[in-house]
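K.L.:
For the record, the sequence lines run as chains A and B.
Just so you know, the first sequence maps onto residues 145 to 406 in our numbering.
Just so you know, the second sequence maps onto residues 57 to 377 in our numbering.
Cβ atoms here follow ideal geometry from the backbone N, Cα and C, with glycine treated the same way.
Okay, here's the structure, questions in a sec.
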Amino acid sequence: MKTALITLLGEVRKSLLISWTYRANVFVATFTLGFIFVGIGLLTGGGELDSEQLTFMFVGYLVWFYTRAAISDLSWGLRGEMSAGTLEQMSMSPVPIGLVLAGRVFTSLLLTTAQILIQGSVFFLLLDIRIPLRWEGIPILALTLIGVFGFGYIVAGATLVFKQSESLANVVENLLLFINGTMVPLDAMPAWLASIARAFPSTLGIAVLRRVVLDGRSLGLVWQDKSLVWLIVHSSICLAIGWLVFDRCERVAKKQGSLGQY
Amino acid sequence: MESPFAIQIDTLSKTYRQRNGAPIQAVKDLNLCVPAGQVFGFLGPNGAGKTTTIKMICGLVTPTSGRVRVGRYDVWRHRSAAVRQIGAVLEGTRNVHWPLSAWDNLLYFGHLKGMWGRRLTRRAEQLLRELDLWDRRKDLVRTFSRGMQQKVAVACALVADPPIVLLDEPTLGLDVQAARTVRDMVGRLAQERGKTVVLTTHQLDMAQKLCDRVAIISKGRILANEPVEELLHLFSEEHYQIKVEGRLPVGVADCFDELTVEEENGNTILRGPIADQDALYDVLDRLRGLGLPLLSASRAEPDLEGVFVRMLDTDKAREER
Chain A
145 MKTALITLLG EVRKSLLISW TYRANVFVAT FTLGFIFVGI GLLTGGGELD SEQLTFMFVG
205 YLVWFYTRAA ISDLSWGLRG EMSAGTLEQM SMSPVPIGLV LAGRVFTSLL LTTAQILIQG
265 SVFFLLLDIR IPLRWEGIPI LALTLIGVFG FGYIVAGATL VFKQSESLAN VVENLLLFIN
325 GTMVPLDAMP AWLASIARAF PSTLGIAVLR RVVLDGRSLG LVWQDKSLVW LIVHSSICLA
385 IGWLVFDRCE RVAKKQGSLG QY
Chain B
57 MESPFAIQID TLSKTYRQRN GAPIQAVKDL NLCVPAGQVF GFLGPNGAGK TTTIKMICGL
117 VTPTSGRVRV GRYDVWRHRS AAVRQIGAVL EGTRNVHWPL SAWDNLLYFG HLKGMWGRRL
177 TRRAEQLLRE LDLWDRRKDL VRTFSRGMQQ KVAVACALVA DPPIVLLDEP TLGLDVQAAR
237 TVRDMVGRLA QERGKTVVLT THQLDMAQKL CDRVAIISKG RILANEPVEE LLHLFSEEHY
297 QIKVEGRLPV GVADCFDELT VEEENGNTIL RGPIADQDAL YDVLDRLRGL GLPLLSASRA
357 EPDLEGVFVR MLDTDKAREE R
């Protein structure tokens, strides 16, 4: 337990130091994604920036931002370790590699939260986006992110086996932006597309988060209407599947002898 | 009772599958025991199965069959305990994070092994001072020369003070000076600190100087596994050096089969394996026929390179038969 904690903190420290080395990239990404949000806001608003519409979108965008970070930091980060030749060294830790990566997940949460806060402040000042600060949103966001990072582990596992997973990660990242309810509510989608969208890890979380944060519903109410229950079940399943898939992929990579290859 | 062996490999095999499904057997029924506290040379041509074996010892490649014990621990059943016994520098990779400083790399790899606090910082300082990297500890590794980067990799492998150190081609791509630094350090690891070092290298002169024992592997099979002195002695029986006055006529050198021919101060020296006394007299007769006076003929101690080449040639000839 102690070794796992030390390893986890070591991974967080290392990831933060490397992010600091590449701080210009992090800075540019923060603003690039901010511009994408504004651009999509203009498109959906028919050429105008409607603050009510943008506030609705921002809740989904916030979850998507974390989802994107989960996929990038776990899969691309892992690929970076492969090409740097450090993945095999990482795999020689007494702690399982999946758990070491949890340190990266934590760093990803920290950095993404900082980026979201910067963007949120700018949007608040320039676009009049006002998200009600309700503490009930925090557990819902945390539950949503558990599912999201479970999904990140699936993509990371695919990276261990298939190596060239950038295009897959790209497709998934962009697909999620458009079909997880960030831009368009599920009710406005065709039934077949809404069914597919519900299977994605962030979709249900975004819907519940909107109910709690924007509509002002209590946790008791979302528990009663079963949406919170489903969110807990969905996120737990995503995390369990993510962990199992990653573990399986690590075994396959070791069997193929390709763990450190890229 | 504590085993005298740091690593025990028992009928270890690894078969890879190519994309078309065809099998490639990288390691075949390998049996090997690495004595504790020695420098063990693991030598072989490219593609012999050295790196696959090293990676199976590290738990990075799953064997098709067989098992590996590191100290008291089976690598696959007790992975966590087994990898604590090992520090490794793997071939063909950076092994360390270039965007981090040497100091931060050592702290990170210490954390990965569960070390922290003053014990870790003291150890990191000790290693960086020993390797003459202390003054540049805060510089990013990507600004270092290749030799310095390799020294950081070796330091990271040693940071948790593991009893076993696996060095897969640690001097590959290094200049003479840097290679010498790494070589000296490897020597000290076993002599002064009692570590077990498994070393793979193509620099056989280095292996001869450093190793207590060597195993020669080819096509996934062990051809020899002996203490260096005994291995050299095995071949000294049939290894000769003959010195004659003057130079061999052009084109004649090729007639002396496996003997190497060198010129030195106007004289000619022939070295190499000669099967028995009859063959020796035959060579001497041929030299006399060329009118070259004999200066000396003596049994010579072969070097590891000579033994290595001879063993591979013998194996190849046996396969062709």
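Quick one: give me the first and last residue of the alpha helix (DSSP H) that Asn318 (chain A) is part of.
P.N.:
Here the alpha helix (DSSP H) through Asn318 (chain A) covers 310-323.
K.L.:
With three or more C-beta pairs closer than 8 Å as the rule, is the segment 178-190 of chain B touching the segment 161-174 of chain A?
P.N.:
Touching, no.
K.L.:
Could you check what DSSP says for Thr71 (chain B) in three-state terms: helix, strand or coil?
P.N.:
Residue state, collapsed to three classes: strand.
K.L.:
Threshold first: 4 residues or longer. Then list the alpha helix (DSSP H) segments lying entirely within the segment 124-184 of chain B, N to C.
P.N.:
Runs found: 135-140, 158-168.
K.L.:
Does the structure place the segment 356-365 of chain B close enough to the segment 255-274 of chain B that three or more beta carbon pairs sit under 8 Å?
P.N.:
With a cut-off of 8 Å, the segment 356-365 of chain B and the segment 255-274 of chain B count as touching, because enough Cβ pairs lie within range.
K.L.:
Using a Cβ-Cβ cutoff of 8 Å, what residues of the segment 319-333 of chain A are near chain B? List them in chain order.
P.N.:
Residues: none.
K.L.:
Which residues in the same chain as Asp195 (chain B) place their Cβ atom closer than 8 Å to its Cβ, once the five residues preceding and following it in sequence are excluded?
P.N.:
Cβ within range, chain order: Ser157, Ala158.
K.L.:
Please classify Arg274 (chain A) as buried or exposed, where buried requires at least 16 other C-beta atoms within 10 Å of its C-beta.
P.N.:
With fewer than 16 other Cβ atoms within 10 Å, it is exposed.
K.L.:
Measuring only the C-alpha atoms, how far is Thr177 (chain B) from Phe96 (chain B)?
P.N.:
Each residue's Cα considered, the two are about 30 Å apart.
K.L.:
Starting from the beta carbon of Ser216 (chain A), find every residue of chain B whose beta carbon is closer than 8 Å, and list them in chain order.
P.N.:
Near Ser216 (chain A) there are no residues of chain B at all, since even the closest Cβ is about 17 Å away, more than 8 Å.
K.L.:
Just curious, the alpha helix (DSSP H) that Glu361 (chain B) is in, first and last residue?
P.N.:
Element bounds for Glu361 (chain B): 360-376.
K.L.:
If we ignore side chains and look at the alpha-carbon of each, how far apart do Phe322 (chain A) and Val328 (chain A) end up?
P.N.:
Roughly 7 Å between the two C-alpha positions.
K.L.:
Using the Cα positions of Ala211 (chain B) and Ile113 (chain B), report the straight-line distance between them to the nearest angstrom.
P.N.:
Those two C-alpha atoms are separated by around 20 Å.
K.L.:
For Val131 (chain B), which residues in the same chain have their Cβ closer than 6 Å to its Cβ, ignoring the five residues on either side in sequence?
P.N.:
Within the same chain, Val131 (chain B) has close Cβ partners Gly115, Val124, Ala138.
K.L.:
Any C-beta of chain A sitting closer than 9 Å to the C-beta of Asp217 (chain B)?
P.N.:
Not an interface residue.
K.L.:
Pick from A:Trp279, A:Ala335, A:Gly154: whose alpha carbon is nearest that of Arg248 (chain A)?
P.N.:
Nearest option by C-alpha distance: A:Gly154.
K.L.:
Taking only three categories from DSSP, how would you classify Ser458 (chain A)?
P.N.:
In the structure as shown, chain A starts at 145 and stops at 406, and residue 458 (chain A) therefore has no counterpart that could be examined.
K.L.:
Which same chain residues end up closer than 7 Å to Ser235 (chain A) when comparing Cβ atoms and leaving out the 5 residues on each side of it in sequence?
P.N.:
Only Ile241, Leu403 meet the Cβ criterion.
K.L.:
Taking 9 Å as the threshold (beta carbon to beta carbon), is Arg223 (chain A) in contact with chain B?
P.N.:
Answer no: the Cβ-Cβ gap between Arg223 (chain A) and chain B never drops below 9 Å.
K.L.:
Are there any heavy atoms of the ligand FAD lying less than 8 Å away from the beta-carbon of Phe295 (chain A), as far as the coordinates show?
P.N.:
The ligand FAD is absent from the structure shown, which contains no ligands of any kind.
K.L.:
Where does Gln81 (chain B) sit, in a helix, a strand or coil, going by DSSP?
P.N.:
The answer is strand: DSSP assigns Gln81 (chain B) an E or B state.
K.L.:
On the premise that Pro155 (chain B) lies in contact with Arg192 (chain B), defined as a C-beta separation below 8 Å, what is that separation, rounded to the nearest angstrom?
P.N.:
Contact flag wrong, Cβ pair sits at about 15 Å.
K.L.:
Cα separation between Ser379 (chain A) and Gly281 (chain A)?
P.N.:
When rounded, the distance between both Cα atoms is 16 Å.
K.L.:
Do Thr251 (chain A) and Asp217 (chain A) count as a contact pair if the criterion is CB distance below 9 Å?
P.N.:
Cβ atoms of Asp217 (chain A) and Thr251 (chain A): closer than 9 Å.
K.L.:
Does the Cβ-Cβ distance between Arg277 (chain B) and Leu86 (chain B) come in under 9 Å?
P.N.:
Cβ atoms of Arg277 (chain B) and Leu86 (chain B): closer than 9 Å.
K.L.:
Does any residue of chain A have a CB that is nearer than 9 Å to the CB of Val152 (chain B)?
P.N.:
So yes, Val152 (chain B) belongs to the interface.
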